[in-house]
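Chemist: Numbering (our numbering), first residue to last: 5 to 120.
Yeah, the Cβ is synthetic: ideal placement off N, Cα and C, and Gly gets one too.
Take a look at the following structure, please.
Now the structure itself:
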C-alpha cells in the first residue's frame, strides 16, 4: 500500500504509560515509563459520537503513528488507553487506539490514537 511522504509526520510527542508496581498488592502505586517519539502526525480536531442533541466528544485530537517513519516504533494496544501524551507542553489522555492493517499482507499500516 502506498504511504504518504515522511514530511507529513513532522511532530514529536512524549508518551507516558503508567504501570502498577509489582510489589504493590492494591495497585495504588505506579511507575511512569516516558518515551519520546518522533515523526508522528498530531491533528487537533474534535471527534464526536452520536447524532443531533445526543453527541458526545470522543477525542480532541488524533495522533497518527506510521511504521516506516515513527521512531521509536511502539506496538500499541488497549493497555495504552488512559496513558498520557504530551504535545506542545499540553497533556492529553488516550481514549482510543485504532490499528489499520494492510489488506494483502496483514502488516500494520498505521495506528490512529484518539486523545482528549
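What three-state label does DSSP hand residue 12 in the structure shown?
Modeler: helix
Chemist: Out of 36, 62, 56, 25, which one is the CA nearest neighbour of residue 19?
Modeler: 36
Chemist: Provide the residue span of the beta strand (DSSP E) that contains residue 26, from first to last.
Modeler: Per DSSP, residue 26 belongs to no beta strand (DSSP E) and is neither H nor E.
Chemist: For residue 56, which of helix, strand or coil comes out of DSSP?
Modeler: helix
Chemist: Looking at residue 63 and residue 51, is the spacing between their C-beta atoms short of 8 Å?
Modeler: The Cβ atoms of residue 51 and residue 63 lie closer than 8 Å to each other.
Chemist: Pair every Cβ in the stretch 76-90 with every Cβ in the stretch 47-61, then say whether three or more of these pairs are closer than 8 Å.
Modeler: No, because fewer than three Cβ pairs between the stretch 76-90 and the stretch 47-61 fall closer than 8 Å, the two stretches do not touch.
Chemist: Along the chain, where does the beta strand (DSSP E) that runs through residue 95 open and close?
Modeler: Unbroken beta strand (DSSP E) run through residue 95: 94-105.
Chemist: Using the Cβ count rule (16 or more neighbours within 10 Å means buried), how would you classify residue 70?
Modeler: Residue burial is scored here from C-beta neighbours: residue 70 has at least 16 other C-beta atoms within 10 angstroms and is therefore classed as buried.
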